[in-house]
Amino acid sequence: MVKIEDLIQRDRNNYTKKINAWSNGIPLKTKNKKNNNLIQKVIAGAILMGTLSGCPSVYEPYYEKPTPTEITEPTSTPIPEPTPTSTPLFKDYVDFSGNVEDNETHTGQRALIRVYNNANEDFLGEFSTDDYGNFSFSLEETVSELYDGVRLDTKLSDSNWENGESYIRRIELPSGDHNPTKSEKGFPAIRAVPYPNFDTNGDGVIDEVDYENFREHMKDTNISTTLIYNSDGSISEIGLHKFDLPNLEKIRIFKYNPNGKGSFADMEIIKNIVISEYGVEKYLDGMQLDDYVEIVEGCPPTFVNPNQIYIYPDDTIFEGRVSPRYLDGSTITGIVNGGRIRLNPTSSYMIGNINHELTHLFLAPEGESYSLPNSLTVMFPYVGGIEYPGEADIKSSKIVYEETYQPREKLDNILGMDY
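Residue numbers (my numbering): -5 to 413.
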């Protein structure tokens, strides 16, 4: 019997090339044909023994080991995992809470709120407040869905939208949750203007729902719908004008016209009309003008200083004229901070003239009132009207000096109507 070790030792040199050829897939041939199959088995056995014993085979330097074939074990069909969706487990719905008040008494009122998508004007829902104007509600849309924000239309109402008791207060809000109860200044953000309860038609009967005339009055005298170019190149309505009352410094009455066109004989008469409690003080929310009025025995300067009002004579005009001064010298700001008033010193209608022209600065820089009877406003453009501010002027002042209404706000945002 041939020993394996003897065969390997004896034929080591002769088999080197043949082993290498065998490793490359070429059949081995020996001179001893009888041992041909035995040699192949012996070599294979030696290699296998070395491998299984954890030791390197003596023939390892002479061939490259074949790449092992991956064996795939039979497995059961895997259960597919659910496809992830973009819908989060908890949706970020848009929430609102706050309080609605009327702009005249600043007390909470029952109201209805309609919400619209700014992007496409889609109606998103109608919500009601409690008896004190408090509200809290959530939309069915998420913050991401309302990427362009929302519009809130608010109307004071005890029953339904059609029987509302105020103009529509319209505000636009960016996407996200909102609590408009308090602003940075600490006041409620949603205040609606109640319909007028005076006789807008002049027929002697109070008509609570005839609100179109007063809206036209505000359009004529203050909240202009005229389009202008803004500083950034965009176009928008002129909107609401506001007089910068907190920063008023002086109302100066000059005796002489700078161009020799007349003089006031008695400037105390002019002053007493200005500071009368029946005059413009009536709508200035308790502000008294006594300390602001200064009598000057001279002529006014060429330019009006900011936060000052100049009053001086001009005997070449009919009754009176006014020139508002705007912040930064531009109507784009929407803020009036002074002006000049010229009065005919020989007028027999001095009381009405002074209150009319001062009201132009404080409430009505846009023009005269043609929509209301002369019994309601001192802004009636013709002689023969009332001499002191009327009910419509007082109501106008509640809008002009409402702190939640910003300069340049549109007419429809403050005195909105259903169309």
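Ideal Cβ placement from N, Cα and C applies to all residues, glycine included.
{"Check": "When DSSP builds the beta bridges, which residues end up paired with residue 164?", "Outcome": "147"}
{"Check": "Would you say the beta carbon of residue 337 comes nearer than 8 Å to a heavy atom of the ligand NAD?", "Outcome": "As far as ligands go, the structure on display features none, and thus does not contain the ligand NAD."}
{"Check": "Identify, in the order they occur along the chain, each residue of the same chain with its Cβ nearer than 6 Å to the Cβ of residue 305, setting aside the five sequence neighbours on each side.", "Outcome": "247, 335"}
{"Check": "How do the segment 243 to 262 and the segment 335 to 348 stand: do at least 3 beta-carbon pairs fall below 8 Å, yes or no?", "Outcome": "yes"}
{"Check": "In whole angstroms, what separates the C-alpha of residue 135 from that of residue 357?", "Outcome": "42 Å"}
{"Check": "May I ask you to report which of helix, strand or coil DSSP gives residue 259?", "Outcome": "coil"}
{"Check": "Between the beta-carbon of residue 225 and the beta-carbon of residue 402, is there less than 9 Å?", "Outcome": "no"}
{"Check": "Do you know how far the Cα of residue 313 is from the Cα of residue 344?", "Outcome": "8 Å"}
{"Check": "With distance defined between alpha-carbon atoms, name the residue in 213, 298, 183, 96 nearest to residue 400.", "Outcome": "183"}
{"Check": "Taking the straight line between their C-alpha atoms, what separation do you get for residue 277 and residue 120?", "Outcome": "35 Å"}
{"Check": "For residue 223, name the three-state secondary structure that DSSP assigns.", "Outcome": "strand"}
{"Check": "Residues in its own chain within less than 8 Å of residue 294 by CB, not counting five upstream and five downstream?", "Outcome": "246, 248, 252, 304, 306, 334"}
{"Check": "First and last residue of the alpha helix (DSSP H) that includes residue 233?", "Outcome": "Where residue 233 is concerned, there is no enclosing alpha helix (DSSP H), although the beta strand (DSSP E) it sits in stretches over 229 to 233."}
{"Check": "Does the beta-carbon distance from residue 150 to residue 188 come in below 9 Å?", "Outcome": "yes"}
{"Check": "For residue 214, report the span of its beta strand (DSSP E) as first-last.", "Outcome": "First-last for residue 214: 206 to 215, but that is the alpha helix (DSSP H), not the beta strand (DSSP E)."}
{"Check": "Round the Cβ separation of residue 129 and residue 170 to the nearest angstrom and send it over; I've been treating them as touching at under 8 Å.", "Outcome": "Not a contact, Cβ separation roughly 17 Å."}
{"Check": "Among the residues of its own chain, which have a CB less than 6 Å from the CB of residue 371, if the five just before and after it don't count?", "Outcome": "363, 384, 386, 387"}
{"Check": "Tell me, please, which residues DSSP counts as bridged to residue 416.", "Outcome": "Residue 416 is absent from the structure shown; the chain starts at -5 and stops at 413."}
{"Check": "List the endpoints of the continuous alpha helix (DSSP H) containing residue 353.", "Outcome": "344 to 356"}
{"Check": "Alpha carbon to alpha carbon, what distance is there between residue 273 and residue 350?", "Outcome": "10 Å"}
{"Check": "Quick one: Cα of residue 113 to Cα of residue 147, how far?", "Outcome": "15 Å"}
{"Check": "Helix, strand or coil for residue 131? Go by DSSP, reduced to three states.", "Outcome": "strand"}
{"Check": "Under a three-way DSSP split, which group does residue 242 fall into?", "Outcome": "coil"}
{"Check": "What residue ranges within the segment 302 to 390 form continuous beta strand (DSSP E) runs of no fewer than 3 residues, ordered along the chain?", "Outcome": "302 to 307, 314 to 320, 329 to 337"}
{"Check": "In whole angstroms, what is the alpha-carbon distance linking residue 354 and residue 315?", "Outcome": "10 Å"}
{"Check": "Whole angstroms are fine: how far does the CA of residue 270 sit from the CA of residue 95?", "Outcome": "31 Å"}
{"Check": "What does a CB cutoff of less than 7 Å around residue 396 pick up in its chain, not counting 5 residues either side in sequence?", "Outcome": "97, 185"}
{"Check": "Report the option in 256, 296, 297 whose CA atom is closest to the CA atom of residue 311.", "Outcome": "256"}
{"Check": "Helix, strand or coil, according to DSSP, for residue 415 in the structure here?", "Outcome": "Beyond the ends of the chain as shown, which are -5 and 413, falls residue 415; an answer cannot be given."}
{"Check": "Once you ignore the five residues that flank residue 145 on each side, which residues in its own chain have a CB closer than 6 Å to its CB?", "Outcome": "110, 112, 166"}
{"Check": "Can you name the residues that DSSP bridges to residue 96?", "Outcome": "186"}
{"Check": "Compare the Cα-Cα distances from residue 259 to each of 309, 233, 284 and report the closest residue.", "Outcome": "309"}
{"Check": "DSSP has residue 192 in a bridge; who is on the other side?", "Outcome": "In DSSP, residue 192 forms no bridge with anything."}
{"Check": "I believe residue 360 touches residue 235 by the beta-carbon criterion, under 8 Å. Please report the beta-carbon distance rounded to the nearest angstrom.", "Outcome": "7 Å"}
{"Check": "From the DSSP secondary-structure annotation, give me the bridge partner or partners of residue 250.", "Outcome": "257"}
{"Check": "Applying the criterion that 16 or more other CB atoms from any shown protein chain within 10 Å of the CB defines a buried residue, is residue 206 buried or exposed?", "Outcome": "exposed"}
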